[in-house]
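Trainee: Here it is, the structure in full.
Residue numbers (the working numbering): -9 to 120.
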């Protein structure tokens, strides 16, 4: 089971997080807690925490755009409402599940732009002089 959404049209209202579908790293489901009518999933981060993982920031997990509700040194947590739980593959996550993580694309561009490197472009375009 995978999560698929149609691409946004230029005429659509921008009302959520911006993700591209590129996996930055994988995380492991460490804990699942039932909280009221919802769930809290705590995920183990890799030893080198991906840039762009910030408290209350957006992250895509298995393609599902979510908000980070808690952030510790080695873990992040997301709180899931019943609608999201029922309509995505989150309902299948349990301790040990490997999950794809993508960080916010705008954060990636900002980080790259503010980088101390002299050349902020990975593959600069060279123009031919006539």
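No residue lacks a Cβ here, since even glycine has one placed at the ideal position from N, Cα and C.
Keep in mind the model is a prediction, meaning the values are calculated, not measured.
Out of curiosity, what's the CA-to-CA distance linking residue 45 and residue 1?
Mentor: Roughly 30 Å separates the two Cα atoms.
Trainee: Within the segment 34 to 97, note down every full alpha helix (DSSP H) run reaching 4 residues or more, in order along the chain.
Mentor: Listed in chain order, they are 72 to 77.
Trainee: Beta-carbon within less than 8 Å of residue 61's beta-carbon, same chain only, minus the 5 sequence neighbours each way: which residues are those?
Mentor: The residues are 43, 44, 45, 67.
Trainee: Tell me the rounded alpha-carbon separation between residue 15 and residue 33.
Mentor: The straight-line gap from Cα to Cα measures roughly 12 Å.
Trainee: To the nearest angstrom, how far is it from the Cα of residue 80 to the Cα of residue 74?
Mentor: Using only the alpha carbons, I get a separation of about 8 Å.
Trainee: Under three-state DSSP, which class holds residue 22?
Mentor: If DSSP states are grouped into helix, strand and coil, residue 22 belongs with the strands.
Trainee: Tell me, to the nearest whole angstrom, how far the beta carbon of residue 53 is from that of residue 86; I am working on the premise that it is less than 8 Å.
Mentor: With 8 Å as the limit, residue 53 and residue 86 do not qualify as a contact, their Cβ atoms being about 20 Å apart.
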